[in-house]
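Asks:
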Amino acid sequence: MTTTVETAAGTTQTMVLNMGPQHPSTHGVLRVVLELDGETVVKARSEIGYLHTGIEKSCEALTYSQAITLTDRIDYLAPLSNNLGYCLAVEKLLGLEVPKRAQYIRVLLTELTRLNSHLVWLGTHAMDLGATSVMLYCFREREDILKIFEMVSGQRMMTSYFRIGGLALEPPPGWLERVRRFIDMFPSRLAEYENLLTRNRIFLMRTTGIGILEARDAVALGISGPTLRAAGVAYDVRKFFPYSGYEEFEFDVPTRTESDCYARYLVRVAEMRESLKIIRQAMGKIPPDGPIRADAPGIIPPQREQMKTEMEALIFHFKIFTEGFAPPPGEVYQRVESPRGEVGYFIVSDGSAKPYRVKVRAPSFVNLQALPKLAEGRLVADLIACIGTIDIVLGEVDR
Amino acid sequence: MTEMPGVKQNPIVQRLRAWDENAVAEVSEFRGELTIVLALTRLGRAAEYLRAEPGLQFDFLSDISAVDRFPSEPRFEVNYHLLSISLRQTVRLRVWVAGKDPVVASVMPVWPTANWHEREIFDLFGIRFEGHPDLHRILMPDDWEGHPLRKDYPVEGFRT
C-alpha cells in the first residue's frame, strides 16, 4: 500500500489512513483502508470480519427450529425479514403450506420491519451528514414499531416470531388497533422528515451527484435492494418471485435513474410509503380468526390444549422437542426482499434433523463491494455519505 | 439424485447441451428449482455463455455457496445461484471439486460480484479460485489456521 501518484508538479506520496473499525459513521465495525492524496480518496479497501460469529457453522449443530434464533442476529435491524427467509426455505424443503392468516401477518410485520430499518437508516445517514434532529424524530417513530413487535412476540429486536409452518404465538387482542394508530400517524411524520431533508440545501449538496453507481456496474456487482433500484433497475424479489402472498398486494416498486446518494434517499422514502400501502391492505386481509400454523403433526408443535387430551399430540410434542423433524434430502434457495436487498437462504438437508448446510446470501455483504466504485476519486467527506447510502449492517456482512 | 425425464426438456438445459454436449454432467429438479451440474473444466466458458447468450441472459449472480460432503469424494460442491433480471428466470449451477487441492476457475471475469463470494469460500472451505486477482482470507484473521466451515472442523474449534 505504498503506491505513489505522479502529479504535474512532481512526485507526491499518498497517505494510508485507517477509517474504523471503531468509527461512528461506519455504523458498526467496518474498517476501510484509505489511500489518500490530500483530501481525495485514491483507493478504498474494506476490511471486514470483525463481527464474524460463525452463524452458518452454528446452524449445522442446531435443529431446524432452534436455528431460527440465530437468523435474528444476522441483520439486527431486520430480524423478521431474516426469520421469514429462513422459515420459507425450510417450509419449501418440507413442502409445507402456511395458512393465509399467518401469511398476511408475516407480510404486515415484515413491512413494519422495512419501516423500522429504513427509519434507522434515515436517522443515522442524516446524522452523518450533520442533520441531528432527523435522527431523534426517526428513533421516536421506530420506538412505536418496536413496541408493536414487543406486543406480538414479547421481544423488541430479537423477535424469532416466525416459526416453521407459521407463527410462534397468537397475536394479542388490540394489536391491529395499535398498528392502525401507527400507520394513521406515520404519513405526517414522513412529511416531517421530508421537510427537513428533501429540499435542504446542505443535504442536497452532500448527496446529489455523489457516489454514482451506474445500472450496469450495479448488476455486475450483484447489488440489490434500494441501491440497485436507485440506478433504474426495478428488481424487487416481492414482484419477481412473490412469496408469502405478496402477489395479492398492490404496490409499486419505486425507482430512480440518477444512481447517486440522493436518488437512494428518494427511493427509500418512497419505499416507506409503499410499505404503508401494503400494511393497510394486509390489515384488511387478515381474517379475525383461524389457524396461524400449518397442519403438520410431527413438525408443528401441537396446542397445549390438545396435549392435555390427546396421547398422540403429547408424543409429537416430545419428539419435536427432543429429536426435531427431518426434511427429505435435497436443497433449496429461497429469496426474500429485506430492507437492504435480496436475502437468500440456501439450505441443504441430508435427511437428518439438523441442517447439513445453511448459507445466508447477505445483501449487506454483497452491496459493500460497491464502496470502491462509489468513493474512489471523491473526497473523504463523500465517503461518509457513500457508506451511509449503501445501508450496511455489519452483523449481516460478517455473519 | 436421479435425472428425471422432465428436466431434460428444460430450455436452459437443452441450449447448454446444444452449445457443448459435454458441458452438462447431470440435471435435477427439487421443489421446482433446477440444478445443472457442470463439468468442472467447462465452468468458465459456460458461465460466459449463460450470461451473454440472448434468451438466457443470466446477468445477475446472486450467490455462490460451497458445501462440504466429507468424507465422500468428490468432497466439495460449489453452487452458483443465477438470476436473469430481464427474463425473470433462475437456475443453480453446480460443480464438484475433489478434496485434495481443490481448485475451481474464478467466475470474476464474468460476474465481478464473485470477488468476495470466492474469497469467503477460500477462507471458510479452503477452495482455491484460479484467476482470482486478490485471493486471501476475508472473514477470519489472516493468520488463522484451518477452514471453519469444513465438516472435519469442530463447531467449538480446536483447543490449543
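Top line first, the protein sequences correspond to chains B and V. Counted from 1, the first sequence has number 372 at position 273 by our numbering; the numbering is strictly sequential. Counted from 1, the second sequence has number 916 at position 133 by our numbering; the numbering is strictly sequential. The beta carbon of each residue, even a glycine, is placed where N, CA and C say it ideally should be. Remember, it's a predicted structure, so these values are computed and weren't measured experimentally.
#1: Once you ignore the five residues that flank B/Pro-271 on each side, which residues in its own chain have a CB closer than 8 angstroms to its CB?
#2: Give me the chain V residues within the contact set of B/Ile-147, using Cβ-Cβ distance strictly less than 9 angstroms, ordered along the chain.
#3: For B/Trp-220, does the count of other Cβ atoms within 10 angstroms reach 16, so buried, or fall short, so exposed?
#4: Per DSSP, what kind of secondary structure is B/Met-100 in: helix, strand or coil?
#5: State yes or no: is the beta carbon of V/Pro-854 nearer than 7 angstroms to at least one beta carbon in chain B?
#6: Residues of chain V with CB under 9 angstroms from B/Ala-330, in chain order?
#7: Would you say B/Pro-426 and B/Ser-451 are within 7 angstroms of each other, going by their C-beta atoms?
#8: If V/Gly-882 and V/Phe-859 are in contact, beta carbons under 8 angstroms, what's the gap, nearest whole angstrom?
#9: I need the straight-line Cα distance from B/Ile-301 to B/Leu-228, nearest angstrom please.
#10: Pick out whichever of B/Pro-325, B/Arg-280, B/Gly-344, B/Glu-313 has its Cα sitting closest to the Cα of B/Val-197.
#11: Per DSSP, B/Gly-127 forms a beta bridge with which residues?
#12: Please classify V/Ser-848: does DSSP put it in a helix, a strand, or coil?
#13: Which residues in the same chain as V/Leu-952 place their Cβ atom closer than 6 angstroms to its Cβ, once the five residues preceding and following it in sequence are excluded?
#14: Can you tell which of B/Glu-475, B/Asp-481, B/Leu-193 has its C-alpha closest to the C-alpha of B/Ser-124?
#15: Following the continuous beta strand (DSSP E) through B/Ile-446, name the residue where it begins and the one where it ends.
#16: The region 807–838 of chain V: which residues have C-beta closer than 7 angstroms to a C-beta of chain B, in chain order?
#17: List the residues that DSSP assigns as beta-bridge partners of B/Gly-265.
#18: Please confirm whether V/Phe-859 has its beta-carbon closer than 7 angstroms to some beta-carbon of chain B.
#19: Report the residue from B/Glu-242, B/Lys-407, B/Thr-162, B/Arg-280 whose alpha carbon sits nearest the alpha carbon of B/Arg-262.
#20: Any Cβ of chain V within less than 7 angstroms of the Cβ of B/Phe-445?
#21: Which residues in the same chain have their Cβ closer than 6 angstroms to the Cβ of B/Leu-365, if we skip the five residues on either side of it in sequence?
#22: Under a Cβ-count criterion, where at least 16 other Cβ atoms within 10 Å of its own Cβ denotes burial, should B/Ser-323 be classed as buried or exposed?
#23: From the DSSP output, which residues share a beta bridge with B/Thr-139?
#24: Measuring CB to CB, does B/Gly-443 end up less than 7 angstroms from B/Arg-434?
#25: Just the C-alpha distance for V/Met-784 and V/Val-820, rounded to the nearest angstrom, thanks.
#26: Is the beta carbon of V/Ile-868 within less than 6 angstroms of some heavy atom of the ligand ADP?
#27: On the criterion of 16 or more Cβ atoms from any shown chain inside 10 Å, does V/Ala-835 qualify as buried, or is it exposed?
#28: Could you confirm whether any beta carbon from chain V is found closer than 7 angstroms to the beta carbon of B/Thr-101?
#29: Using the beta-carbon count (16 or more within 10 Å), is B/Ala-317 buried or exposed?
#30: May I ask you to verify whether the region 916–936 of chain V touches the region 845–855 of chain V, counting CB pairs closer than 8 angstroms and requiring at least 3?
#31: From the DSSP output, read off the bridge partner residues of B/Arg-355.
#32: If we cut at 7 angstroms on Cβ distances, does B/Arg-277 have a partner in chain V?
#33: According to DSSP, is B/Ser-437 helix, strand or coil?
#34: So, does the CB of V/Arg-871 fall closer than 7 angstroms to a CB anywhere in chain B?
#35: Is the shortest distance between the beta-carbon of V/Phe-941 and the beta-carbons of chain B less than 7 angstroms?
#36: I believe B/Ile-491 touches B/Asn-466 by the beta-carbon criterion, under 8 angstroms. Please report the beta-carbon distance rounded to the nearest angstrom.
Replies: Short version:
#1: Walking along the first sequence from the start, residue 271 of chain B turns up at place 172. Closer than 8 angstroms at Cβ, skipping near neighbours: Met-250, Val-251.
#2: Within the first sequence, the letter at position 48 stands for residue 147 of chain B. In chain order: Trp-899, Ile-921, Leu-922.
#3: Here residue 220 of chain B refers to the residue found at position 121 when the first sequence is read from its first residue. Classification of B/Trp-220: buried, given that the 10 Å Cβ count is 16 or more.
#4: Position 1 of the first sequence, counting from 1, holds the residue named residue 100 of chain B. Any reading at B/Met-100 must be qualified, since the residue scores a pLDDT of 46, below 50, and its modelled position is unreliable; the value itself is stated next. Of the three classes helix, strand and coil, the one that applies to B/Met-100 here is coil, per DSSP.
#5: Locating residue 854 of chain V in the second sequence gives position 71, where the first residue counts as 1. No, no contact with chain B.
#6: Residue numbering aside, residue 330 of chain B sits at position 231 when the first sequence is read from its first letter. Going along chain V, no residue has its Cβ under 9 angstroms from B/Ala-330, so there is no contact; the nearest lies around 12 angstroms.
#7: Start at 1 with the first residue of the first sequence, and residue 426 of chain B comes out as number 327. Start at 1 with the first residue of the first sequence, and residue 451 of chain B comes out as number 352. B/Ser-451 is positioned such that its CB atom lies no closer than 7 angstroms to that of B/Pro-426.
#8: Taking the second sequence and counting its residues from 1, one reaches residue 882 of chain V at position 99. Taking the second sequence and counting its residues from 1, one reaches residue 859 of chain V at position 76. 7 angstroms between Cβ atoms; contact.
#9: Here residue 301 of chain B refers to the residue found at position 202 of the first sequence. Here residue 228 of chain B refers to the residue found at position 129 of the first sequence. Cα to Cα, B/Ile-301 sits roughly 8 angstroms from B/Leu-228.
#10: Within the first sequence, residue 197 of chain B is the residue found at index 98, counting from 1. Out of B/Pro-325, B/Arg-280, B/Gly-344, B/Glu-313, B/Gly-344 has the C-alpha closest to the C-alpha of B/Val-197.
#11: As a first step, residue 127 of chain B is located in the first sequence; it is residue number 28 there, counting from the start. Answer is B/His-122.
#12: As a first step, residue 848 of chain V is located in the second sequence; it is residue number 65 there, counting from the start. In the structure shown, V/Ser-848 adopts extended strand secondary structure according to DSSP, grouped into three states.
#13: Because chain V in this structure spans residues 784 to 943, residue 952 of chain V falls outside the shown range and cannot be described.
#14: By one-based count along the first sequence, residue 124 of chain B stands at place 25. Among B/Glu-475, B/Asp-481, B/Leu-193, the Cα nearest to that of B/Ser-124 is on B/Asp-481.
#15: Stepping through the first sequence from its first residue, residue 446 of chain B is reached at position 347. Its beta strand (DSSP E) spans residues 440–448.
#16: So the close ones are Phe-813, Arg-814, Glu-816.
#17: If you number the first sequence from 1, residue 265 of chain B lands on position 166. Beta-bridge pairing links B/Gly-265 to B/Arg-262, B/Arg-392.
#18: As a position in the second sequence, residue 859 of chain V is number 76, starting the count at 1. Contact of V/Phe-859 with chain B is not assigned, every C-beta pair being separated by 7 angstroms or more.
#19: What you label residue 262 of chain B is simply residue 163 of the first sequence in a count that begins at 1. Answer by Cα proximity: B/Thr-162.
#20: Mapped onto the first sequence, residue 445 of chain B falls at position 346. For B/Phe-445, the nearest CB of chain V lies under 7 angstroms from its own CB, placing it at the interface with that chain.
#21: Numbered from its first residue, the first sequence carries residue 365 of chain B at position 266. Answer for B/Leu-365: Arg-355, listed in chain order.
#22: One-based indexing of the first sequence puts residue 323 of chain B at position 224. Residue environment for B/Ser-323: buried (at least 16 other C-beta atoms within 10 angstroms of its C-beta).
#23: Translated into positions along the first sequence, residue 139 of chain B becomes position 40. BP columns for B/Thr-139 point to B/Asp-136, B/Leu-478.
#24: Indexing the first sequence from 1 puts residue 443 of chain B at position 344. Indexing the first sequence from 1 puts residue 434 of chain B at position 335. In this structure, B/Arg-434 lies closer than 7 angstroms to B/Gly-443 by Cβ.
#25: Counting from 1 along the second sequence, the entry for residue 784 of chain V is found at position 1. Counting from 1 along the second sequence, the entry for residue 820 of chain V is found at position 37. Low local confidence applies: a pLDDT of 45 at V/Met-784 is under 50, so the model's placement there is unreliable, with the coordinate-based value given in what follows. So the two alpha carbons sit approximately 11 angstroms from each other.
#26: This structure lacks the ligand ADP, and indeed carries no ligand of any kind.
#27: Taking the first residue of the second sequence as 1, we reach residue 835 of chain V at position 52. With fewer than 16 Cβ atoms within 10 Å of its Cβ, V/Ala-835 is classed as exposed.
#28: Start at 1 with the first residue of the first sequence, and residue 101 of chain B comes out as number 2. Low confidence applies to B/Thr-101: its pLDDT is 46, below 50, so where it sits in the model is not reliable enough to give any reading.
#29: Here residue 317 of chain B corresponds to residue number 218 of the first sequence, with the count starting at 1. Looking at its Cβ environment, which holds 16 or more other Cβ atoms inside 10 Å, B/Ala-317 is buried.
#30: yes
#31: For this step, residue 355 of chain B is matched to residue 256 along the first sequence. Partner(s): none; B/Arg-355 has no beta bridge.
#32: Here residue 277 of chain B refers to the residue found at position 178 when the first sequence is read from its first residue. Output row for B/Arg-277: interface = no.
#33: As a position in the first sequence, residue 437 of chain B is number 338, starting the count at 1. B/Ser-437 sits in a strand when the DSSP states are folded into three classes.
#34: Mapped onto the second sequence, residue 871 of chain V falls at position 88. By this cut-off, V/Arg-871 is an interface position.
#35: As a position in the second sequence, residue 941 of chain V is number 158, starting the count at 1. No, V/Phe-941 lies away from the interface with chain B (no Cβ there is under 7 angstroms from its Cβ).
#36: For the purposes of this step, residue 491 of chain B is taken as the residue at position 392 of the first sequence. For the purposes of this step, residue 466 of chain B is taken as the residue at position 367 of the first sequence. About 6 angstroms separates the two Cβ atoms, so the contact holds.
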